[in-house]
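Taken in sequence, the protein lines are chains A and B.
Note that the first sequence ends on residue 379 in full-length UniProt numbering; no numbers are left out.
Note that the second sequence ends on residue 260 in full-length UniProt numbering; no numbers are left out.
A virtual CB, placed ideally from N, CA and C, is assigned to each residue, including glycine.
Below: one structure, written as structure tokens.
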Amino acid sequence: MAAAVRRVLRASRAWSAAPRARAAPGAQTLRLIYTTTAVQKRNVAASGPEKYTEAFIKNQIEEFNLGKRHLANMMGEDPETFTQEDIDKAIAYLFPSGLFEKRARPIMKHPTEIFPKQKAIQWGEDHRPFHFLFYTGKQSFYSLMHEIYGKLLDIQKYEDHLRAQSLLAENRKLINLIGSRWLIKEELEEMLVEKLSDHDYSMCIQLLERLVTLPCCGIEEEYVLKFRRELSIQLKKMVIEPLQYDEQGVAFSTGEGKRKTSRATAVIYDNGSGKITVNGVDYLYYFPVMQDREQLMFPFQFLDRLGIHDMICTVSGGGRSSQAGAIRLASARALCSFITENEVEFMRQAGLLTADPRVRERKKPGQEGARRKFTWKKR
Amino acid sequence: RCLGSLGKAAPSTSQLSSRLYGTLLAPEANQQVDPTVINDKLITEPLRHPDFFNVKELFSLKELFDARVHLGHKKGCRHGFMEPYIFGCRLDQDIIDLDQTMKHLQLALNFTAHVAYRKGIILFISRNRQFGHLVEVTARDCGEYAHTRYWQGGLLTNAHIQYGTGIRLPDLLIFISTLNNVFEPHVAIRDAAKMNIPTVGVVDTNCNPSIITYPIPGNDDSPLAVELYCRLFKMTITRAKNKRKQMEVLYGLQNKADSS
């Protein structure tokens, strides 16, 4: 009866009988233990992210280089001068993908870009760790702090040395920090290949700030600049184009403007008589409504240059009012080349140089329009 | 395998440390020609002498006095267990008995020398921010390890989860200051006692010396005193390591002479 039960259980895959002999010293007992495959399976999730050994990465790099040469041969290019851009183009050609998510499309990149940077095994054959701060847990971060503090002490010693010879006042060397910023936490984590907490990061930046305040910190300038990143030009100062001259020697300048979905370009000529041409048609015929023509004239009226300039503009998209607004902005921008800085500032204050950010708001589901809700019925 | 006894003068005799987690202790492939002979000579020879590395000559009473090691804290800060080590009290400040300090220092230095001789891992711990850099520099110069930062809870007790399998824990902890930043005993003292790791520590008059294996009653706040301790530990460890190299060369030559 027992044998039949065991045979039946073995036939179904869910159960497996794993007999284990528990031999206590002296006693000879054999206990049959029934387990499930679910229990026997290795808990993959608990083992953490996959660790890549150095040999594996080297293998991948070799395979990548070989594959690059094969790809070059396939495409009929020279394998020696096959760059990453060529690879991308080749892959896009051979494996066309209509997927919207760019990161889900087939890629072929160098393994260092694909496999995340990880730490190698930290100890040698005798199991002694390589780094002297290994037991702190965050060895690269703390060794960085240690290094920076060491440099701070060195600078202070140098300063004391100078002060003893009373040469401190002349030999001040400061680091120029204008136009750059400290690394952000993500960049520092990437540099150290280690997770940091906000507190750690702020401590590191405070230590660097303290180092920079010392009078003779110029000694370690290149080390400190490793932790600075250049800031792109913050002030988007409006670039005023200089005047251009056509074949007759008449000065002209161009400007672009937009409003809602209209896009306009305007070319303003000097030595004119106030004639405005829109899309090849006179403005009187293109804009029959007085309001739109007033919009066109406003920049000139503001600068008292109504009869001086000629304008030829092209406009597309939108309705009549938005086209008028687009041309107004374009002409104001074009006029900046003809006038002084102060007048440009006056125009800016008047709001002539600012693009109107208002666009049509979308209709939402459950409502009749963008804001209008359906009629509310009490019952 | 896990002999971890606090009373013995030297740690267990297995080649790999007894505190190996996660991996089975595989049978060692013996590369030595005569394991018994070399093991005996190398390892048991130093244990036959009370002061094999001659650590007594590294310091003197006058040096300790000049480094102001005898100065303790005020009477109000005194810890009850430190009373045996205190010589007296002058103007409310406790004075540590330097004769006892000499004895304890000699024992402690001898012990660290033996651990270093046996290629043990030594971890320097100090949470005093004034001397953190100095302690780290000392550890780096010895070729040993340091931890002068915030102590993460499971560092010793939860090591195989935090670091991965195959980690080897320190065989000796040296505390340059046993208190942490809130004047409480450092967590590592208790953790080391849990993990059977011997500890050497400089105990000031406001510290608890009870769980520390080799306490050294002395000042842990003056820069001169701390520099003296760091210098002494560095000298003993380098001396012990050099001695080890000498002995290996000596017995290697002897072995070759015997076999040829």
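Between N176/A and C216/A, the beta carbon gap of about 15 Å keeps them out of contact (Cβ cut-off 8 Å). Counting the other CB atoms within 10 Å of its CB gives V202/B a total of 16 or more, which places it among the buried residues. Our two residues, Q291/A and S180/A, have alpha carbons roughly 49 Å apart in a direct line. L172/B sits away from I237/B, with the two beta carbons spaced by 7 Å or more. If you draw a straight line from the Cα of V249/B to the Cα of N128/B, it comes to about 40 Å. Minimum Cα-Cα distance from E136/B among the listed residues E227/B, N54/B, F59/B corresponds to E227/B. Put simply, the CB of Q152/B is near chain A, with a gap under 7 Å to one of its CB atoms. The three-state reading of DSSP puts F298/A in helix, counting H, G and I together.
For T53/A, no CB of chain B lies under 7 Å from its own CB, so it is not counted at the interface with that chain.
Note that the C-beta distance between L296/A and I339/A is not below 7 Å. Under the Cβ criterion of 7 Å, F141/A is not counted among the residues facing chain B.
Under the three-state reduction of DSSP output, P185/B falls in the strand class.
Linking G150/A to T101/B through their CA atoms gives a straight-line distance of about 32 Å.
In the three-state reduction of the DSSP assignment, K157/A falls in the helix class. The beta-carbon of A159/B is placed no less than 7 Å from the nearest beta-carbon of chain A. Look at the stretch 158-236 of chain A and you find these whole runs of beta strand (DSSP E), each 3 residues long or longer: 180-182, 228-230. Here T157/B has D191, K194, M195 as same chain residues with Cβ atoms under 7 Å from its own Cβ, once five neighbours each way along the sequence are excluded. Across the structure, N73/A and P79/A are spaced so that their CA atoms are roughly 7 Å apart. Taking the CA atoms as reference points, A113/B sits about 33 Å from K157/A. Within the stretch 163-196 of chain B, those residues whose Cβ lies closer than 9 Å to any Cβ of chain A are, in chain order, Y163, G164, G166, I167, R168, L169, P170.
Neighbours of P215/A across chain B, judged by C-beta separation under 8 Å, do not exist; the nearest C-beta is about 21 Å away. For the pair of segments examined, the stretch 70-77 of chain B was found to touch the stretch 89-100 of chain B: the number of CB pairs separated by less than 8 Å reaches three. Residue pairing by DSSP puts M311/A in a beta bridge opposite I268/A, I276/A.
With a contact defined as Cβ atoms closer than 8 Å, K173/A and I219/A qualify at about 7 Å. Note on D40/B: under 16 other CB atoms within 10 angstroms of its CB, so exposed under the neighbour-count rule. Annotated three-state conformation of Q139/A is helix, per DSSP. When the Cα atoms are used, R293/A and R103/A turn out to be separated by approximately 50 Å.
Rounded to the nearest whole angstrom, the CA to CA distance from D198/A to L133/A is 21 Å.
By the criterion of at least three beta-carbon pairs nearer than 8 Å, the stretch 361-372 of chain A is not in contact with the stretch 341-350 of chain A. Straight across, the Cα-Cα distance linking L306/A with S322/A is about 22 Å. Taking C-beta atoms as the reference points, T148/B and C230/B fail to come closer than 7 Å. At least 7 Å separates the CB of H199/A from every CB of chain B. At a cut-off of 7 Å between beta-carbon atoms, R129/B makes no contact with chain A. Using a Cβ-Cβ cut-off of 8 Å, L123/B is close to Y135 of chain A, given in chain order. Remark: three or more beta-carbon pairs, one from each stretch, lie closer than 8 Å, so the stretch 103-112 of chain B and the stretch 201-221 of chain B are flagged as touching. For Q244/A, the secondary structure class from DSSP, reduced to helix, strand or coil, is strand.
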